[in-house]
Amino acid sequence: MPRPTHALALLLLACAPGSDEHDHDAHDTDAHDTDHHEHTGTEDTAADAVDTYVDGLQKQGGHVKVAITLDPAPSVGTHDVTLVVLHHGAAAEGFDVTLDATMPAHGHGTSPVTVTESSTPGTYTATGLDLTMPGLWQLDVGVWMGDHGGDVVFRFEVP
Ligand SMILES: [Cu+2]
């Protein structure tokens, strides 16, 4: 509700002679402030959310739960990854599962890996996940079948 009221106020200002340019400036500033707040919020969350790695660590996103295991445990080098996925509590079979690893503080990722569904229901694997340097790595796991699924984010400190 505040937004329409504000927009109406700007519209009234814009109706005053010669105020068109001012209206555009005000609008742009407002949009920028909103973006800035969202960006800051994301960074705060990122700083707080570091997971303590254990084999099979489970987290939820959307309608899915993902339990992740890296072999070996997070370290510099390549890893086999096992993802055990539940959708509404049941083994998630036939989903499109993706795994994307990045270093949020450095703005880079690593070589893409292909996630393959295994013969064990709800279990997906990837090989050769290359954590190229020490620091905080974010692993984004997407589990989707059309509109059904969720995104689960893991953040591990690589020693
Ligand atoms: Cu890096």
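Count along the sequence shown starting at 1, add 13, and that's the number in the numbering used here. For glycine and all other residues, C-beta sits at the position ideal for the given N, C-alpha and C.
Is the beta carbon of residue 122 within less than 7 Å of some heavy atom of ligand 1?
-> no
> CA-CA distance, residue 92 and residue 115?
Replying inline: 14 Å
> Just to confirm, does residue 107 get its C-beta within under 7 Å of one of the non-hydrogen atoms of ligand 1?
Replying inline: no
Q. Going by DSSP, which residues form a beta bridge with residue 100?
A. 77, 103
Q.
Nearest by alpha-carbon distance to residue 120: which of 149, 108, 142 is it?
A. When the alpha-carbon of residue 120 is set against those of 149, 108, 142, the nearest one is in 149.
request  = Reducing DSSP to helix, strand and coil, say where residue 92 ends up.
outcome  = strand
For residue 86, name the three-state secondary structure that DSSP assigns. coil
If we count the other Cβ atoms within 10 Å of its Cβ and call it buried at 16 or more, is residue 155 buried or exposed?
buried
Original post:
In the DSSP assignment, what residue or residues form a beta bridge with residue 167?
Top reply: 152
- prompt: Under three-state DSSP, which class holds residue 128?
  reply: Looking at residue 128 - three-state DSSP - the assignment turns out to be coil, as it is neither helix nor strand.
Cross-strand partners of residue 138 (DSSP beta bridge)
95, 129
Requested in this report: Using three-state DSSP, classify residue 121 as helix, strand or coil.
Outcome: strand
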